[in-house]
Amino acid sequence: LKDNDEEVEIAVDNAAFMDEFFSQIEDIRNSIDKIDENVAEVKKLYSVILSAPTSDQKTQDDLESITNDIKKMANNARNKLKTIERNLESEQQQERVSADIRIRKSQHAVLSRKFVEVMTKYNEAQVDFRERSKGRIQRQLEITGQAKTDEELEEMLESGNAAVFTAGIVDSGISKQALSEIESRHKDIVRLESSIKELHDMFVDIAMLVESQGEIVDNIEQNVSQSVDHIIQAKEQTKRAVRYQTKARKKTVIIVVVVVILLALLALIIGLAVGLNK
-3 LKDNDEEVEI AVDNAAFMDE FFSQIEDIRN SIDKIDENVA EVKKLYSVIL
47 SAPTSDQKTQ DDLESITNDI KKMANNARNK LKTIERNLES EQQQERVSAD
97 IRIRKSQHAV LSRKFVEVMT KYNEAQVDFR ERSKGRIQRQ LEITGQAKTD
147 EELEEMLESG NAAVFTAGIV DSGISKQALS EIESRHKDIV RLESSIKELH
197 DMFVDIAMLV ESQGEIVDNI EQNVSQSVDH IIQAKEQTKR AVRYQTKARK
247 KTVIIVVVVV ILLALLALII GLAVGLNK
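Under the numbering used here, think of the first position of the sequence shown as -3, with each following residue one higher.
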């Protein structure tokens, strides 16, 4: 009786643990989905900024706010994924293998892959914005006769000093609007570089984790694909079974009708025979 009580207690504790785990997984999934939504908003703000010679303060404030939200949620999701990873590694070192651990590894692998995909999308949006902003600076420099090679422009951007752009062109007859755009684009790129650097280590950390889990994720995708195939096959088999069953029912009805007719004929023959004997 005592052993049974202990088994029940372990089962209850394990069920509670898995409930907590799935709750945590749901939180991570929601964070990743929210990051994805924010990335879409960031892309819109990038388009707004690029469509005007200079960006207004409200747009910059909105962009900074969303960027900070992405950074916070990404760090939160990364930390939770790393915690799950450490717990799984600890249990594997203890040579504990169970269905629960396999489930947790699968969930962790899928979410890690999803997280990297979303952050890759964000990084691509940042890089695209940087290149387009750099292109705007290059065009303004060309207008003033101060065209630079791509390498020279990169060196000027990496200096982080707007004066290197304006020093040689202030007296070249450039309009204030063009000068303002060069300075504005430079500020955009400086802010962007800071954001990219902040997210770089986190991105590499999770990307390496996903690469190491590649086989797990591939197996999951293969299992899902096989499950879909099995479902389709099962549906076809069910349809065939229904058709066979329908045909069988028709045959059964025909046989019953024939038997009834034969019995009726037999009864009629017997009746006539009895009548004749009388």
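Glycine included, each C-beta is placed from N, C-alpha and C at the ideal position.
Every value quoted in this text rests on a predicted model; they were computed, and no experiment measured them.
When DSSP labels each residue in this structure, what does Ser43 get in the three-state scheme? helix
By the DSSP assignment, the alpha helix (DSSP H) with Gln136 in it spans what residues? Per DSSP, Gln136 is one residue of the alpha helix (DSSP H) stretching across 95 to 139.
For Asn26, does the count of other Cβ atoms within 10 angstroms reach 16, so buried, or fall short, so exposed? With fewer than 16 other Cβ atoms within 10 Å, it is exposed.
Taking 8 Å as the cut-off, decide whether the C-beta atoms of Val186 and Tyr118 are in contact. no
Given a threshold of 16 other Cβ atoms within 10 Å of its Cβ, counted over all protein chains shown, does Ala70 qualify as buried or as exposed? buried
Give me, in chain order, the residues of the same chain whose beta-carbon lies closer than 8 Å to that of Leu41; leave out the 5 immediate sequence neighbours on both sides. Thr55, Asp58, Leu59, Ile62
If you run the structure through DSSP and keep just helix, strand and coil, what is Thr79? In the three-state DSSP reduction, Thr79 falls in the helix class (H, G or I).
Simplified DSSP assignment, three categories, for Ser51: coil
Within the same chain, show all residues whose beta-carbon is closer than 6 Å to that of Ser51, passing over the 5 residues directly before and after it, in chain order. Ile45
Is the beta carbon of Leu188 sitting closer than 8 Å to the one on Gln122? It is a contact, given that the beta carbons lie within the stated cut-off.
Helix, strand or coil at Glu20 according to DSSP, with G and I counted as helix: The sequence given here places Gln at residue 20; Glu does not occur at that position. Reduced to three states, the DSSP call for Gln20 is helix.
So, helix, strand or coil for Lys144, using DSSP? Note: Lys144 maps to coil in three-state DSSP.
Decide yes or no for the touch test of the region 103 to 120 against the region 69 to 89: beta carbon pairs closer than 8 Å, at least 3 of them. yes
According to DSSP, simplified to helix, strand and coil, what is Gln90? coil
Distance, Asn83 Cα to Phe199 Cα: For Phe199 and Asn83, the distance between alpha carbons rounds to 21 Å.
Could you give the C-beta distance for Phe17 and Arg100, rounded to a whole number, given that I count them as a contact under 8 Å? 6 Å
In whole angstroms, what separates the C-alpha of Glu37 from that of Ser191? 16 Å
How many angstroms separate the CA atom of Gln136 from the CA atom of Phe125? 17 Å
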